[in-house]
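S.K.: In the numbering used here, the protein residues as written are 512 to 1433. Sharing a structure here in C-alpha cells format.
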C-alpha cells in the first residue's frame, strides 16, 4: 500500500477581545490522520522524508526564475504554505509540519495570481482577434519626462556590511549615486531600491547558472540589480535631484525565511542608508568621494522608489519613519532625521496589504506583468481608503503592454550584464493577444523604461517639488505625458482633494445591482465569479480564503434603462466640490458601455449629472485587466436643480448601452488641487511570533505577542487561522497603546508522543485610525519528542510469481502525526536477477511511478518509482505489498530490494530495506 501523508489537528482559535467577546480557547493537540484514498500525488510532486518532518516537493519541468511574487503551494484552494526554493530553479520544498491541515488533494502551485504548474494552451489563448491599445489621451501642458538643465555625475560607494534581525548572513551596504553638477544649495534626495531577482551569475554561463545564493559562490559574481535604474537617476539628476540606488542582494538571498517576505529588512536597509546621508549632509568630510562631489542632500525632501519587493520595502520604510517598529525586529536603531515626501512603487508586492495612509504614493501597474501578475500593488491605493485623513494622494497608473522586468535594465535581455529574460513567458504556438512580443499593445524594453522614467519624474515633481501642474497625469484627469509615448498610461486615484463619497466598504444598501465581495470562495458572493477570463487587481487575494470589509458594486444589465441605486446609511456632502469622480471597470476588450449618473438629496430631489462612457482595457486570460477607469461628471446639473449637496443620500447608475457588466469601486466628491499632507498620530500594531515546546504533561496557556504603540485609538481587523481547516475567523478590534484589544490565547497540552509542529497564525489589517507593521505572527507549538524508530518484518518475502510480496512496517511507538518513509528500488548487484517491469502488476507500476512496463527494464531503472510508506497517526504498523504477475518464460529466481532514503532521496546505506524473492511458477 502506498500512502501520502496527511495531517490533521483538532484545534479552534477565536479572539478574546476587549469588551467581553467570548470564545473557545485554542487547543494544541493532534488527532488521528486518514490517508489519501488513491495513494497518488500529481505528476511532478512527491514527498521526501525530512527531519524532523517530511517535505512536500514540487519540481517544475521549466526553470522558475527567482522573482518577487511568492511561490505558494495550495490544496483544494487553501494555502498550504510558502515553499523554500532550491538553487536549481526547478525544485520547491515545503515542510509538512508547516502546512495547513488536510489531505494533499487538488495540489496547485501559484505565484502572483497565476498557476505555475500549468502551461497556457489553445483553450487559454484569450481573444481570437488582435487587441488594439487604448486611444491616446490629450497631452498635459507640463511634461516631466523632459531632461532638466543640469549635467550629471555618477559614482558609487560601498560601506561595511550590516546584520539585520532574522538574517544570518550580513547584508551589503552598496549603492550607485547620480547627482547634478553646476548647482548649489541642498537638493532633494531620491532613493531607489530594486526588487527580488537572482543574486549571483556565472560570467560566461546562461540563465540556469544564475542563483539566489548569498554570498555568491566562487566563480560567480553579484547581479548588479541596483544599477538598473541609471536612466531614471540621470533624468531626475538633470532636474536637480541627488539620486542613490542601493543594493539588496543580501536580503534577496535570505528573505525566503522571513515571515513578511523581507519587508522589514528592506525598510531597515533603506533607513540605514538614509542615516548615513543625514550624517554626510551634516558633515561631508567623512562621506564617500561621489557624495562629497554632489550637492548636499536635503533630507527634509526624500522620495523613495521601489520596484517589486523593493516597493513593499519603501512602503514599510515610510511607515517606520513615522511610526517606529519594535526594536527587536528592526535593523536601524537611530533617530529619524529625514522626511519621506512620497513613494513610487513599481509593480510592487503587498504581502501585508497595509499601505501607509499619510504618505503620498504612485503605484505603477504593468499590464503584462508576468511576475506579480495579479497586480496586487493596487492595494496601495484601495487599501488607504478611510484609514486616515484621506489628504494624501494615492495614485495608480496602468501601463498597457509593460512587463515586470524591463523597468530595470539589469533585468532586461540585451542590456543586462547577467542573464535576463522577459518575465511574461509566451507560448509561441498560442501567442497572447495582448502581451506577446509582436502584439500591437506590447511595449519594447526602451519604450517601457522611458514611460517608467517619465512617471517617476512626475511623482517627484508633484510629491517633492509641489508642482500641481503635473497632477493631471496621476490623479485620473485623463492627460498623458508625451515623453512616455507610445505607451498608453491610464491613471486613477483616491485621496488629495477628494471629499466624502460612496464607498462600498462602508454601510450602503444597493438596489438594481449587487454588493459583492472582493475575496470570497463562493462564486455567488464574489465580485468576479466562475467563468471570468482574467483577474482584477482590485480583488487581489490576501492570505485568507474569505476577506471581510472589501466590497464593490456589481452591475449586470441586459437592456438599457434599469437603474442601480447605492444608498448610504448617512447623507454625504458634495458641497464645495467640482465633480463626482467614479472608479468603474468593465470587462476587458468590451466597448461602448454607457451609464447615466444621478444623485438624490435627503429631500428626494434627484438630478442626472451626465453620462459616462467606458471601454475595457486590453486583456486576455493571463492579464489583470479588470481595472477601474476614473470617470468624472460635473455637479453643475445638481446645483441647477436645487439639490442640497450638503446632504446627498444616494447615487444612481443607469445603463444606456444595450447590455453589459460593470463594477463600481467607489465615487468621491472631487475638486482640483493637491493639499499639504501631515501624518496623523495613529496607533501602530505589530504581531510577533512565539515558539514554545509542547512539554510532556499538563496544560499551558500562551498568548500571541501583540504590540501596540503610538497615539490615539483605531480599529483593525484581526484574523485567527484555524490550523485544522485553514479557515480564518475575523473580528473588528479597537486598539490603543497600552490596551489589550487583541488577545489570542493558545492552550497547549503536553504529551510524550511525537507529533508535527502546529502553527496558530494571526493576521491583522488596518481599518480606520491605525497602521499595521508586522501583520503576521502567532504561536508555534513545537514538537519536543523524538520520532519513533522504524523496522521491517517480512510477511511474504519469497513467493511464486503471481503472488504478492509483503512486508510489515512497524514503529517503536505510535505518533500524533503520520510517520512516513520513502523507499526506492536499488540494484540487487551480484546476488541474482532483478525483478523487472514485466514481473509486476502493470496497474501497480502505473500507480506508484506513472511508468509503462515497456520497454522491459529492472525496477531500479524506472524513473519516478518510489514507495511512500505512511503509518497513520495513532497506529504502529503498516503492511506493504508488491503484486507480481505470472508469465510463460522459464527463468531463475528474481529479487528486489527497496531501501529507505535519506533527506536528499538517496538510499541510506545500512538503512531499513524491503527485500524479496520471486520464484518461477513453471
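Ideal Cβ placement from N, Cα and C applies to all residues, glycine included.
Which word fits residue 980, buried or exposed, when buried means at least 16 other C-beta atoms lie within 10 angstroms of its C-beta?
M.R.: Residue 980 comes out exposed.
S.K.: Near residue 968, which residues of its chain fall below 7 Å by C-beta distance, leaving aside the five closest residues on each side in sequence?
M.R.: 655, 656, 746, 747, 750
S.K.: DSSP puts residue 1077 in a beta bridge; with which residues?
M.R.: 1021, 1162
S.K.: What residues match up with residue 1104 in a beta bridge as DSSP calls it?
M.R.: 1125
S.K.: Tell me whether residue 694 sits in a helix, a strand or coil according to DSSP, three-state version.
M.R.: Coil at residue 694, not helix or strand.
S.K.: For the 8 Å Cβ check, are there 3 or more pairs between the region 1315 to 1332 and the region 1385 to 1401?
M.R.: yes
S.K.: Find out if the Cβ-Cβ distance for the pair residue 1345, residue 1431 is shorter than 8 Å.
M.R.: no
S.K.: Give the DSSP-derived three-state secondary structure of residue 819 in the structure shown.
M.R.: coil
S.K.: Pull up the CB-CB distance for residue 834 and residue 1282, whole angstroms please, since I reckon it's below 8 Å.
M.R.: 6 Å
S.K.: Taking the alpha-carbon positions, what's the residue 956 to residue 1264 distance?
M.R.: Whole-angstrom Cα-Cα distance: 58 Å.
S.K.: By the three-class DSSP mapping on this structure, what secondary structure does residue 1149 have?
M.R.: helix
S.K.: Would you call residue 1099 buried or exposed, if buried means 16 or more other Cβ atoms sit within 10 Å of its Cβ?
M.R.: A residue is called buried when at least 16 other Cβ atoms come within 10 angstroms of its Cβ; residue 1099 meets this threshold and is buried.
S.K.: Would the region 1206 to 1216 and the region 830 to 849 be scored as touching if the rule is three or more Cβ pairs under 8 Å?
M.R.: no
S.K.: Return the CA-CA distance between residue 758 and residue 1126, expressed in angstroms with no decimal places.
M.R.: 41 Å
S.K.: Can you tell me whether DSSP reads residue 971 as helix, strand or coil?
M.R.: In the three-state reduction of the DSSP assignment, residue 971 falls in the helix class.
S.K.: What residue does the beta strand (DSSP E) around residue 1287 start on, and which one ends it?
M.R.: 1287 to 1293
S.K.: Could you tell me the alpha carbon to alpha carbon distance between residue 1200 and residue 1067, rounded to whole angstroms?
M.R.: 45 Å
S.K.: Looking only at DSSP bridge pairs, what is residue 808 linked to?
M.R.: Partner(s): 698.
S.K.: Pick out the complete alpha helix (DSSP H) segments inside the region 683 to 761, 4 residues or longer, and give them in chain order.
M.R.: 741 to 749
S.K.: Is it a yes or a no for the region 689 to 701 touching the region 757 to 773, going by three-plus beta-carbon pairs under 8 Å?
M.R.: no
S.K.: Any idea what DSSP makes of residue 575, helix, strand or coil?
M.R.: coil
S.K.: Which whole-angstrom value is the C-beta distance of residue 673 and residue 680, which I expect to be below 8 Å?
M.R.: Actually they do not touch by this definition, with Cβ atoms about 11 Å apart.
S.K.: Can you have a look at residue 1003 and say buried or exposed, based on whether 16 or more other CB atoms are within 10 angstroms of its CB?
M.R.: buried
S.K.: Comparing C-alpha positions only, which one of 1350, 1082, 1081, 1065 sits nearest to residue 1075?
M.R.: 1065
S.K.: Taking 8 Å as the threshold (C-beta atoms), are residue 855 and residue 801 in contact?
M.R.: No.
S.K.: Buried or exposed for residue 972, please, with buried defined as at least 16 other CB atoms from any protein chain shown within 10 angstroms of its CB.
M.R.: buried
S.K.: Note down, one range per segment and in chain order, each beta strand (DSSP E) of at least 3 residues found wholly within the region 1180 to 1217.
M.R.: For the beta strand (DSSP E) assignment, the uninterrupted runs of no fewer than 3 residues enclosed by the region 1180 to 1217 are, from N- to C-terminal side, 1194 to 1198, 1200 to 1204, 1210 to 1214.
S.K.: Between residue 733 and the rest of its own chain, which residues show a CB-CB distance below 7 Å, the 5 nearest in sequence each way excluded?
M.R.: 710, 711, 727, 760
S.K.: Mind the definition here: the region 1039 to 1058 touches the region 1107 to 1123 only if three or more C-beta pairs lie below 8 Å; say whether that holds.
M.R.: no
S.K.: Does residue 1400 come out as helix, strand or coil in the three-state DSSP assignment?
M.R.: coil
S.K.: Assuming contact is defined by CB atoms lying nearer than 8 Å, are residue 1272 and residue 1293 in contact in what I supplied?
M.R.: no
S.K.: Would you give the residue range spanned by the alpha helix (DSSP H) that residue 1353 belongs to?
M.R.: Its alpha helix (DSSP H) spans residues 1353 to 1360.
S.K.: Rounded to the nearest angstrom, what separates residue 1224 and residue 1001 at their Cα positions?
M.R.: 37 Å
S.K.: Tell me, please, whether the region 870 to 883 touches the region 919 to 930 by the rule of three or more beta-carbon pairs shorter than 8 Å.
M.R.: Segments in contact, no.
S.K.: Where do the N-terminal and C-terminal ends of the alpha helix (DSSP H) with residue 783 fall, by residue?
M.R.: 774 to 793
S.K.: Alpha carbon to alpha carbon, what distance is there between residue 934 and residue 943?
M.R.: 13 Å
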